[in-house]
Amino acid sequence: MFDIPSPKPLDQLSAIVIDQNALVRDALKSLMYSLGLSYTRGASGAYHALSEFRQQQFDIVVLAFDLNTDKDGFNLLEELKFKGFIKKSTCVIFISADTDPALVHSIVELQPDDFWTKPLDHQKIKQRIINILNCRKLLHKPFYCADHKEYSRAIYYAERGLKQQKLKGFHPKLQRLIGDCLCELGEFASAEKYYGTLLSEFNYSWAHTGYARALLKQDKLEEAQAKIETLKQRADTRFMAYDLLANYYVELNEFDKAFTEIQQAGKLAPRNIERSKRVCDLAKLNHNAEEQYVSAFRMEKYARNSIHASPEIVLNLIRASIDLAASAPPEAGASTLHRASRQLIDLCKTVDSTTKNRAKIIEARILVTQGEKRLAESKINGIKLSTLSLSFDDNMDLVKLYHALGHREKAVALLKQIKKPII
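Mapping of the sequence shown onto the numbering used here: residues 8 to 430, in sequence order.
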């Protein structure tokens with residue numbers, strides 16, 4: 008039996024305000040107290056905030072983009088979600104003085120409940136918080152069901168809510184939830200009909216993108232493309248339009264078309280690390296060394312000081328640098344390789360012995376690209392490859408290295424070997 012717990016009463020909700028400005032923290036904490044929240048904390052930066060989350064689960068999180076730490080608010084929000092400190096039931100409000108479209112698109116992808124721009128109008132904010140809390144309380148049942156993947160149940164409660172006049176102000180949220188649940192259930196024909204009916208009466212951006220997605224999922228490409236071209240002209244749907252079409256082409260293995268679309272989505276929301284990785288991978292498949300480097304550089308830049316930071320992201324940037332140098336004029340290529348070599352040296356100062364040995368393969372690639380074939384041969388012969396657990400990218404480094412050194416048989420044999428798990 009599926010039980011739905013009652014929503015927490017207002018005086019049992021807890022909140023945290025994370026902002027480097029003490030005046031903003033104090034003002035928002037006072038506002039929370041005035042609304043009836045009995046437990047409200049403040050934090051000036053990421054480290055302090057993480058310490059608070061380890062001690063207490065918060066129901067409301069107000070988070071500023073600018074923080075007095077290496078991590079900005081975007082990085083911190085990603086980390087809080089990754090570590091499970093922020094659940095689907097958590098109310099998240101993001102604050103920023105920066106309204107650059109690239110940042111806004113990236114924040115929207117993390118789906119906060121609200122986005123406030125500084126300077127703050129406290130009277131308006133108070134009303135917005137009240138609206139958010141009312142929404143959470145009144146729509147608790149359908150959203151609780153959706154959070155727990157009970158999509159049919161969620162649709163049932165949402166449809167009941169649409170019949171209640173007192174919930175009229177929340178009808179768009181309920182309507183959106185129904186469409187999302189139909190897609191989660193794989194009922195794309197029903198979703199197409201549902202979104203089409205909505206659009207005959209309303210002009211919701213999410214309904215337009217939902218309709219296009221439902222068409223693509225049914226392989227109605229001609230109809231979907233006409234819709235998507237229209238969506239690309241709208242500021243509020245342009246980003247999703249590129250993303251939808253890119254995902255569709257990837258499913259069809261039409262990587263050249265997928266690359267064209269996802270490249271645009273990546274420019275609109277550059278902080279999404281997973282998308283940047285896909286842009287990088289698709290650039291490789293399309294032999295576009297320049298875009299491979301640009302996306303790898305972007306990925307390393309935004310992963311820095313975030314939950315995504317890892318040696319692999321730096322190694323991928325170095326690999327992209329080598330590929331770019333190999334296709335560039337000699338002078339530009341030499342500069343790129345020198346920079347890649349410095350990055351590899353710096354990385355090896357901070358990683359374990361296994362990663363250092365894997366990095367030697369990349370070092371050999373740099374040497375051979377610089378024309379130092381004997382040094383590269385000596386470097387690769389000094390590595391006990393059989394003792395290493397090599398990733399797909401490591402093996403591709405070896406394939407490229409063997410090919411450049413003239414060991415064609417080794418390159419072909421290894422390429423066949425690493426293709427087996429993929430086919």
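Glycine included, C-beta positions come from ideal geometry on N, C-alpha and C. None of these values were measured; they are calculated from a predicted model.
Residue 412 and residue 345 have their C-alpha atoms roughly 20 Å apart. Counting the other CB atoms within 10 Å of its CB gives residue 193 a total below 16, which places it among the exposed residues.
The way I'd put it, the region 331-349 doesn't touch the region 387-394; fewer than three beta-carbon pairs between them come closer than 8 Å. By the neighbour-count definition (other C-beta atoms within 10 Å, threshold 16), residue 172 is an exposed residue. Judged by DSSP in its simplified three-state form, residue 91 adopts coil rather than helix or strand. As summarised for the region 225-258, the continuous alpha helix (DSSP H) elements at least 4 residues long and confined to that stretch are 228-238, 245-258, given in chain order. For the pair residue 35 and residue 69, the CB atoms are nearer than the 9 Å cut-off. For the options 209, 95, 226, the alpha carbon positioned closest to that of residue 195 is the one of 226. Beta-bridge pairing by DSSP links residue 69 to 24, 100. The DSSP-derived three-state label of residue 209 is coil. When rounded, the separation of the alpha-carbon atoms in residue 285 and residue 130 is 43 Å. DSSP lists 25 as the beta-bridge partner residues of residue 50. 404 is the residue among 400, 362, 404 whose C-alpha sits nearest the C-alpha of residue 372. Below 8 Å, enough C-beta pairs join the region 137-153 and the region 91-98 to call them touching: three or more. When the five nearest sequence neighbours on each side are left out, the beta carbons in the same chain lying within less than 6 Å of the beta carbon of residue 104 are those of 125, in order along the chain.
Pairwise C-beta distances place the region 80-88 in contact with the region 54-72, as three or more of them are shorter than 8 Å.
Residue pairing by DSSP places residue 124 opposite 103 in a beta bridge. For residue 60, the CB contacts under 6 Å within the same chain, skipping 5 residues up- and downstream, are 92 in chain order.
With respect to residue 24, residue 39 sits close: the two C-beta atoms are nearer than 9 Å. Around the C-beta of residue 184, 16 or more other C-beta atoms lie within 10 Å, and the residue is accordingly described as buried. The C-beta distance from residue 296 to residue 331 rounds to 5 Å, short enough to meet the 8 Å contact threshold.
Contact between the region 242-260 and the region 212-226 is present: three or more C-beta pairs spanning the two stretches fall below 8 Å.
Between the alpha carbons of residue 302 and residue 175 lies a gap of roughly 44 Å. Following the DSSP letters along the chain, one finds residue 269 inside the alpha helix (DSSP H) bounded by residues 262-275. Annotation for residue 83: 53 place their beta carbon closer than 6 Å to its own, counting only its chain and skipping 5 residues before and after. Secondary structure note for residue 179: its alpha helix (DSSP H) is the uninterrupted segment 178-191. In summary, residue 144 is exposed, with fewer than 16 beta-carbon neighbours lying within 10 Å of its beta-carbon over all protein chains present.
The alpha-carbon of residue 419 is positioned some 15 Å away from that of residue 399. The straight-line gap separating the alpha-carbon atoms of residue 165 and residue 157 is approximately 12 Å. Cβ neighbours of residue 250 within its own chain (closer than 6 Å, five residues either side excluded): 272. Distance between residue 55 and residue 72, taken at the CA atoms: about 15 Å.
112 is the residue among 112, 336, 362 whose C-alpha sits nearest the C-alpha of residue 282.
The Cβ atoms of residue 280 and residue 148 lie no closer than 9 Å to each other. When only Cα atoms are considered, residue 364 and residue 356 end up about 12 Å apart.
If you draw a straight line from the Cα of residue 299 to the Cα of residue 311, it comes to about 18 Å.
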